[in-house]
Amino acid sequence: MLNIIWLALILLSVIIGAVHGTLPLVVAAVTDSAKNAVMLAIGLIGIMAFWLGLMQIAEDAGLVKLLSRLLSPILHFLFPEVPKDHPAIGAMTLNIASNMLGLNNAATPFGLRAMAELEKLNPLPGTATHAMCMFVAINTSSVQLIPATAIALLASGGDPHPTSIIVPTLIATACSTAVGIISAKVFSKVKWFTPHP
Amino acid sequence: MHNFIDNFSDYFFLLFVAGIPLAGYIRKVKVYESFVVGAKGGFEIAIKIIPYLVAIIVAVGMFRAAGGFDILGELLGPVLNKIGFPTELLPLAFMRPFSGSGANGILAEIIQAHGGNSFLSHAAATMMGSTETTFYVIAVYFGAVSIRRTRYAVPAGLLADITGAIMAVVVTRWFFQS
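Keeping their order, the protein sequence lines are chains X and L. Under this note's numbering, think of the first position of the first sequence as 1, with each following residue one higher. Under this note's numbering, think of the first position of the second sequence as 1001, with each following residue one higher.
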């Protein structure tokens, strides 16, 4: 799927660029974007190290285990193939919790840590497991409780009650997360998506 | 109340930053040493995701520079308008799965053009909160563990995004325009 989307984006850019006379912009975008991508990754190093350090403390203190035990009924339903006391459960719990609280720069390190733990359970390296797809689907469906940036933008645009979008956002987010989880569950049964080594 | 919500994330941020080491200390963890051991992994992960990030960000950057997102909006606008999805929100809905900063820019434009207290701005802000940068998340998360075959992660993520975008319009209409 990514193969097709990626190729389509590149080919369409060139075609649209040629038709609309935006080719010079497309050319410039290649260099700029490649540089931005690396800068983004480099910029992540510090904050990534910081949160992984904190997570190590939380783990050594037994906090991660405690948290995952509390949430284990839900997580067991979502990730039936991940053993209850596996470190992946703790990392996924921290990731989802930080996403809900809007701590985006904490959510990514926890999420990547969780992926690394899930990879240890992967019989087919290079191919995603069901747990990984489910976890990524939850992450891509946004579970943030307070959309802080959007509220700030509304406030600066002159909205007298910018926080009034919180409840609508929660409802819309709940629907999108539900659809993400259900589609991951359903797709896992679809033959077309079954991995073949 | 407003003040609390504005700083909501900051409070939790500090609760994590101060609370975890304190709890660790109480539970007899050598907090400094533990921290350093964990932090070591940060560098490795950040470097590992570079190829995946370059792939996604370059393709999206090219498409945006060519004007592809505007064209998508023009093509699909009339169809979606018929089912009640405002055309003005299409660029946001398309940009959102690809680029968080790009989507934030579009949201700011919509708010500037229509005012903070309008239906369109409310729907756009809600959409921003109910959708995610699906392709970025997929590239980074799978990149960190060198997974190339992502199976149904993309369709599941996109279905969630589409639901979030549609529900943002439906729920906002229901809340602000009855």
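From the three backbone atoms N, C-alpha and C, an ideal C-beta is built for every residue, glycine too. Given the structure is predicted, the values throughout are model-derived calculations rather than measurements.
Query	Result
Own chain residues within Cβ distance below 6 Å of Phe1135(L), not counting five before or after	Ile1056, Pro1097 and Phe1098
Residues of the stretch 63 to 91 of chain X whose Cβ lies closer than 9 Å to any Cβ of chain L, in chain order	Leu63
For Thr127(X): DSSP bridge partner residues	Arg1149(L)
Three-state class that DSSP yields for Leu103(X) in the structure shown	coil
Sufficient close CB pairs (3 or more, under 8 Å) joining the stretch 51 to 65 of chain X to the stretch 1033 to 1047 of chain L	yes
Top-ranked residue by Cα proximity to Thr1133(L), from Asp1010(L), Gly1038(L) and Ala1165(L)	Ala1165(L)
Three-way DSSP call (helix, strand, coil) for Leu145(X) in this model	coil
Per-residue DSSP class, three states only, for Val190(X)	coil
Cα-Cα separation between Phe39(X) and Val179(X), rounded to whole angstroms	Note on residue identity: the sequence assigns Met, not Phe, to residue 39(X). Going from the Cα of Met39(X) to the Cα of Val179(X) covers about 34 Å.
Alpha helix (DSSP H) segment containing Glu1109(L), residue limits	Gly1100 to His1114
Run of the alpha helix (DSSP H) containing Ala1144(L), from where it starts to where it stops	Thr1134 to Ala1144
Option in Ser1121(L), Val1031(L) and Phe1142(L) with minimal Cα separation from Pro125(X)	Phe1142(L)
Residue-chain proximity (Phe187(X), chain L), Cβ-Cβ < 8 Å	yes
Neighbour list for Ala131(X) in chain L, Cβ cutoff strictly below 7 Å	The contacting residues do not exist; Ala131(X) stays about 11 Å from chain L at best.
Cutoff 8 Å: Leu121(X) Cβ touching any chain L Cβ	no
7 Å CB neighbourhood of Leu1090(L) in its chain, flanking five on each side removed	Gly1073, Leu1076, Gly1077 and Leu1080
Coarse secondary structure for Met39(X), derived from DSSP in three states	helix
Within-8 Å CB hit, Ala1018(L) to chain X	no
8 Å Cβ cutoff, Leu1159(L) in contact with chain X	yes
Beta carbon proximity, Gln1112(L) to chain X, threshold 8 Å	yes
Closer than 7 Å at the beta carbon, the chain L residues around Thr169(X)	Thr1126, Gly1129 and Ser1130
Spatial distance of Met134(X) from His86(X) (CA atoms)	16 Å
CB contact check: Pro944(L) to chain X, cutoff 8 Å	This structure leaves residue 944(L) out entirely; chain L is present only between 1001 and 1178.
Three-state secondary structure (DSSP) of His86(X)	coil
8 Å Cβ cut-off: residues of chain L touching Phe110(X)	Those do not exist, as Phe110(X) stays about 10 Å from chain L at its closest Cβ, beyond 8 Å.
Sequence-distant residues of its chain with Cβ nearer than 6 Å to Met1001(L) (five each side left out)	With a pLDDT of 47 at Met1001(L), under the threshold of 50, the modelled position of that residue is not reliable, and the figure given next carries that caveat. Correct list: empty, nothing qualifies.
Coil, strand or helix - Ser1034(L) by DSSP	helix
Close Cβ partners of Ala107(X) (< 7 Å) along its chain, the five nearest in sequence each way excluded	Asn95, Ser98 and Asn99
Of the listed residues Pro168(X), Ile146(X) and Ala184(X), nearest to Ala131(X) (C-alpha basis)	Ala184(X)
Euclidean distance between Cα positions of Tyr1052(L) and Phe193(X)	22 Å
Proximal residues of chain L, C-beta to C-beta of Thr93(X) below 7 Å	By Cβ distance, chain L contributes nothing, its closest Cβ being about 13 Å from Thr93(X), past 7 Å.
Any chain X beta carbon closer than 8 Å to Met1095(L)	no
Same chain, Cβ closer than 7 Å to Met115(X), five either side skipped, listed in chain order	Met132
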